[in-house]
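Just so you know, the protein sequences line up as chains A and B, in that order. The first sequence lines up with residues 1 to 209 when you count with the numbering used here. The second sequence lines up with residues 1001 to 1314 when you count with the numbering used here. Note that the Cβ used here is the ideal one computed from N, Cα and C, for glycine as well. What follows is a short report on a single structure.
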Amino acid sequence: MGLSRRDLLAKCVSLGVVSLATNLSATAAAEAWSQSEKKSRPSTPAAETGPFYKRNAPNTAMMRASNDPGLPLTVDGAVYSTRGEILPGAKVEVWQTDHSGHYDLLGYRYRALLLADAKGRYGFSSVIPGHYPARVCQHIHFAVTAEGYKPLVTQMYFGSDPVFEGDPDKNYIKDPLCTSRELVRPVMLKGDPQAVIAAVNFELVLEQL
Amino acid sequence: MRLRVAGLATFLMLTVFARGQALHSEAKFDTPVAIDHAIACDNGSRIFGIGKEEAIYAWTAGKSEPRKISLAEGRPEALACAGRTVAAGFGNGKIVIVDGDKGEVKLRLDAKSSMWGLTLSPEATFVAVATTGSPTQVFDTRTGQRVSVGRTSFGGSTSATFSPKGDLLLSTDDDTNVRAYGRNGKLLYSAEAGPLEPFAAAFTGDGQRFVVATADGAMSSYESTSGKRLRATHSTGNPIFAIQMFPDSQHVAAFELDPFTLKPIAVGVWDMQSDHWQKLDVDPETVIGCGADGTHLLLVRRTGTNTFTLDSVR
């Protein structure tokens, strides 16, 4: 097992490879060091909640059934504070349409409640959602909550969406509900030629209350 | 433009549906532009409509010409009325309070978030605003001050509804709850509306009960003093985006959407005593507004590009 930063620093000081100014303890120096490595992050842009949030979604990372049509999708990321701290245990609720653009209103298909793990990470498997007439772009809804932080409600979009015509910088405004270019995420296609999967990373950053 | 109020002898029975109820044409209207949303106020003696070119048109009983009210804020997303006062809400969060009879702007407010719906208190002294980015906000229409903001677990609110006496404000919220606030803005209780978000609420005439309709097409009735759920319908799977209480306080009209296209697909009626549910035999795409008089549900129906009728359900 590796040493903690504080233990490492204390060892280095005792061995003489690191020296501390007289006004610094090893503990204070270790804490300051850790803080300086945390990256300040802008909060994830918010978007409107609706439609069709449903409470009590199942705690499952696999929303896709084996025979579901549509391009398989994995979404992963981590939940952070704007100070760069990871937020283990944050609740990440997601909901989306199926491949053909239909929300499941009577059941829980393509709905999940996820808990960020000890490293603040979350992830789920799904399919690329479909378009439907009342919305311009394919999207996944997120509602993220963590104690001590402002709830974040947002929507994630796909850089591969045909609506963006390959240029989301220019075309993300085609969907009036797409509030920020930051919400349009790059899509990586991976897997073997017989089983291509789209992969998207989406970091979620919450503001403190 | 002419306002043609039909006499009793010329009532047109449009459609007969279950239990002997029917649509009767009460009045016919010619409009200068197409009207795509309207509300019937003051027992149907005033109608306010949103014109295709973004102005508001106000029809008053006894006057043949509608008053055109241009607000220079774009197309209103929502309208509410109380007596002669009309409130218009816009996608940019702006709210304009207008004297509908004079066509004069009384006040401009800013809710600072995209509008879902708004409502005026019975005396038009307060306007409550449901927006996507904030829980329901209440403004004093005399001073322009924001007097209270509701709360949600997350997200905003989808509708706001005052009780007939104005002593209770219901907010249907994104987090699937309906919350009741007192006159001072204090939260009185929160009740689960359903598994999906509620879109609309309506009080009975005496204010003792209210009904909430949800995104999965269910309706529930509650006791106003406690928030206790009394009855509930099954989900139809079709979102109900608006409801209107019948004057008998026993029936509720529900305006349903197709969940895929989000276009109107039916107007249903729930009998809260028998739990009977039926569909009105009316083309839902023609219904552009509703209201009630002392005894009947009123529907505003588009009958042509520049014509509409006010129909009572009897």
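Residues are counted here when their Cβ sits less than 7 Å from a Cβ of chain B; for the segment 52–65 of chain A these are Phe52, Tyr53, Lys54, Arg55 and Asn56, given in chain order. Among the CB atoms of chain A, one or more fall inside 8 Å of the CB of B/Glu1197.
Rounded to the nearest angstrom, the Cβ distance from A/Val200 to A/Val187 is 6 Å, consistent with a contact under 8 Å. For B/Asp1174, the chain A residues whose Cβ falls inside 7 Å of its Cβ are Thr49, Gly50 and Tyr53, in order along the chain.
DSSP places A/Leu183 in no alpha helix (DSSP H); its state is neither H nor E. With a threshold of 16 other beta carbon atoms within 10 Å, A/Leu15 falls short and is exposed. When only Cα atoms are considered, B/Asp1275 and A/Ala65 end up about 37 Å apart. Excluding sequence positions up to five before and after B/Glu1073, its CB lies within less than 7 Å of the CB of Phe1090, Lys1094 and Val1096, all in the same chain and listed in chain order. Using a 10 angstroms sphere on the CB of B/Thr1141, the tally of other CB atoms reaches 16 or more, which defines it as buried.
B/Lys1102 is classed as exposed because its beta carbon has fewer than 16 other beta carbons within 10 Å across all chains shown. When only Cα atoms are considered, B/His1037 and A/Gly77 end up about 43 Å apart.
Taking 7 Å as the cut-off between beta carbons, the residues of the segment 1248–1281 of chain B near chain A are Pro1259, Phe1260, Thr1261 and Leu1262, in sequence order. Using a Cβ-Cβ cut-off of 8 Å, B/Thr1136 does not count as an interface residue toward chain A, since no Cβ of chain A sits closer than that to its own.
A/Gln35 sits in a helix when the DSSP states are folded into three classes. Contact annotation: the segment 1032–1050 of chain B touches the segment 1290–1299 of chain B, with at least three C-beta pairs closer than 8 Å.
Taking 8 Å as the cut-off, the beta carbon of A/Leu183 is found no closer than this to the beta carbon of A/Val79. Closest in C-alpha terms to A/Gln96, from the list A/Lys170, A/Val163 and A/Ser126, comes A/Ser126. A/His139 is classed as buried because its beta carbon has at least 16 other beta carbons within 10 Å across all chains shown.
Rounded to the nearest whole angstrom, the CA to CA distance from B/Ser1190 to B/Leu1230 is 15 Å. Only buried fits B/Gly1100, as 16 or more other CB atoms lie within 10 angstroms of its CB. No Cβ-Cβ contact shorter than 8 Å links B/Ile1050 with B/Trp1059. Under the 8 Å criterion on CB atoms, B/Phe1203 is classed as non-interfacial with respect to chain A. By the neighbour-count definition (other C-beta atoms within 10 Å, threshold 16), B/Thr1085 is a buried residue.
As a beta-bridge residue in DSSP terms, B/Phe1210 pairs with B/Phe1203 and B/Tyr1222.
Boundaries of the alpha helix (DSSP H) around A/Cys12: Arg5 to Leu15. By the Cβ-count criterion, B/Trp1270 is buried, with 16 or more other Cβ atoms from all chains shown falling within 10 Å of its own Cβ. With contacts defined as CB atoms closer than 8 Å, B/Ser1121 and B/Gly1150 fail to qualify as a contacting pair. Taking a Cβ-Cβ cut-off of 9 Å, the neighbours of A/Thr145 in chain B comprise Ser1153 and Phe1154, given in sequence order. When B/Leu1188, B/Gly1205, B/Phe1210 and B/Asp1206 are compared, the shortest CA-CA separation from B/Pro1198 is found for B/Phe1210.
By the CB criterion at 8 Å, B/Gln1244 and B/Ala1202 fall inside the cutoff. For B/Leu1169, the closest alpha carbon among the candidates B/Phe1154, B/Gly1185, B/Arg1067 and B/Val1212 is that of B/Gly1185. Close CB contacts of A/Ser100 within its chain, under the 6 Å cut and outside five residues either way in sequence, are with Gly130 (chain order). The beta carbon of B/Thr1119 lies closer than 6 Å to those of Ala1080, Ala1128, Ala1160, Thr1161 and Phe1162 in the same chain, with the five residues before and after it left out. With a 10 Å radius around the Cβ and a threshold of 16 neighbouring Cβ atoms, A/Trp33 comes out exposed. With respect to A/Ser43, A/Thr82 sits close: the two C-beta atoms are nearer than 8 Å. With respect to A/Ala57, A/Leu20 sits apart: the two C-beta atoms are not nearer than 8 Å.
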